[in-house]
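Notes for the one structure printed next.
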Amino acid sequence: QVQLVESGGGLVQAGGSLRLSCTASGSIFRVNAWGWYRQAPGKQRELVASLTNGGSSTNYADSVKGRFTISRDGAKNTYLQMNSLKPEDNAVYYCNIGNSIGSQYWGQGTQVTVSS
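Residues in the sequence shown are numbered from 667 upward in steps of one, following my numbering.
Written out as structure tokens, the structure reads:
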């Protein structure tokens with residue numbers, strides 16, 4: 667059974683930084699996409715950053731461009747470096763891993779709270 671576990675969330679002041687980590691356990695084959703999503707209270711889950719096409723393509727939400735960086739280490743570890751955090755970044759952050767046969771795996775989420 668595949669499990670994804672996020673860590674690194676917490677409380678930080680505006681302008682500060684956090685680094686989220688996501689580690690997958692279990693067998694995942696043909697992984698070709700990694701992503702971070704977030705969901706704020708009362709809002710839909712949105713894509714924050716992704717690595718696709720085996721990691722050769724990177725995409726960021728406009729609201730985080732220049733501040734957040736997605737990276738990975740092998741197939742089972744992905745990271746989100748978040749700098750210059752703003753109160754509007756408050757949300758539960760989820761990692762996602764996908765493979766070439768259409769399977770998607772999600773973590774349980776980690777809370778990020780930015781105080782103004």
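Glycine included, C-beta positions come from ideal geometry on N, C-alpha and C.
Check	Outcome
Three-state secondary structure assigned by DSSP to V668	coil
For V780 and A699, the rounded distance between their alpha carbons	28 Å
N725 (DSSP reduced to helix, strand or coil)	strand
Buried versus exposed call for F734 [16 or more other C-beta atoms within 10 Å across all chains shown]	buried
Terminal residues of the beta strand (DSSP E) in which E712 lies	712-718
The segment 749-757 touching the segment 671-684, judged by at least three CB pairs closer than 8 Å	yes
Cβ separation of E712 and Y703, assumed to be a contact under 8 Å, to the nearest whole Å	6 Å
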